[in-house]
Amino acid sequence: MSRRRSSRQDSLELLLDTICNTFGGVLFIAILVVLLLQQTGGGPDIPAPVSASPVELQLLAIRMEAVAADLARLRQNRDSQQAVVQSFAPAAIREQIVRRHAVTVEQEALQSLVDQLLTENASLAGQVETLATENGEVHVSLEAALARRKQAQSDLERDRQSRVEEVRMPVVRPAGRKQEIAFFLRYGRLYVWHKYGPESVRLGLNTDDFVVLSGDSDGLSTRPKPTAGIALDETAASQEAVRQVLRRFDKNTCYLAVVARPDSYAAFRHLRDRAIELGFEYRLMPVETDTPITDRGSSGGSVQ
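Below you can see the structure in the form of structure tokens.
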């Protein structure tokens, strides 16, 4: 009898030990599951976009990659722990663990996609900031170039205006019965071809200013002396000397016939300005350097 009672007590103790061990294991698994659920509860908040420099955005992208690697390693460790827990958990709890794991995997996949998009967005934001900076620099350079162009155009227009000489276009008309007074322009100087008496009566060749090269029945061929005549320039002395020569003639009965060689085309304007100032009409006859000029006497030409 004592042996049977001892055997029954041993069996009861073994049963109690098994029940206690099972209950303790279930309690441990339940606590572990709760801890895992708390650790894997909500995903990280999506950071709000911030305004940062390109360098800060690049550093942020590198940091996000490092955090993603750490998170992947932690998730791998968690999966290993869940596998151990699942192998010892009761059927009902095991089913919940499997379902929870599936939801967690899907959530993590979505979160990984979000993290990837955030990383790409940070990289793109850095590129946008860089392009914006470069665009600003290009805009500043363009504005400076446009300002230089505008200034150059203004300088060019001012220079062009300074080179423009306003000239009133002459009107050609018959001289009528006016007497022709011959002038000659050579070497940038003004020569009066003939000598004149009272009432502009012509007395003959002005030998003070000219030398005779040849002469025949058709007329005289002459050449002005380089050191004679009046120098035509901007000086007041030159302008007054031209006025004194022109005042010897009557503007109502005489007009100026001006023969000009190429070396004195530019100097003609000094004589023209004084002639207009004193009210004289004139006739300009430009000739080449080697063209002979013969004085035959004339009148009644076209004047300006």
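Residue numbers are given in the numbering used here: position 122 of the sequence shown equals residue 131, and the series is strictly consecutive.
Every residue gets a Cβ at the ideal spot worked out from N, C-alpha and C, and that includes glycine.
Source: prediction; values computed, not measured.
No Cβ-Cβ contact shorter than 7 Å links Tyr274 with Ala284. One alpha carbon belongs to Ala134, the other to Val147, and they sit about 20 Å apart. The DSSP assignment places no complete alpha helix (DSSP H) segment of no fewer than 4 residues inside the stretch 185-228. Distances from the alpha-carbon of Arg256 to those of Arg278, Pro235, Phe289, Arg232 put Phe289 closest. Only residues of its own chain outside the window of five on either side were considered, and among them Leu199, Val201, Ile239 have a CB closer than 8 Å to the CB of Val254, listed in chain order. Taking the Cβ atoms as the reference, Leu194 lies roughly 11 Å from Arg281, outside the contact range of under 8 Å.
With contacts defined by Cβ atoms closer than 7 Å, Leu222 and Arg232 form a contacting pair. DSSP, reduced to helix, strand and coil, places Val296 outside both helices and strands of the structure shown, so it counts as coil. Ranking Asp242, Leu46, Pro63 by CA distance to the CA of Gln136 puts Pro63 first. Around the beta carbon of Thr298, fewer than 16 other beta carbons sit within 10 angstroms, so the residue counts as exposed. In the DSSP assignment, the residues bridged to Ala269 are Leu194, Pro295. Per the DSSP secondary-structure output, Tyr264 pairs in a beta bridge with Glu189.
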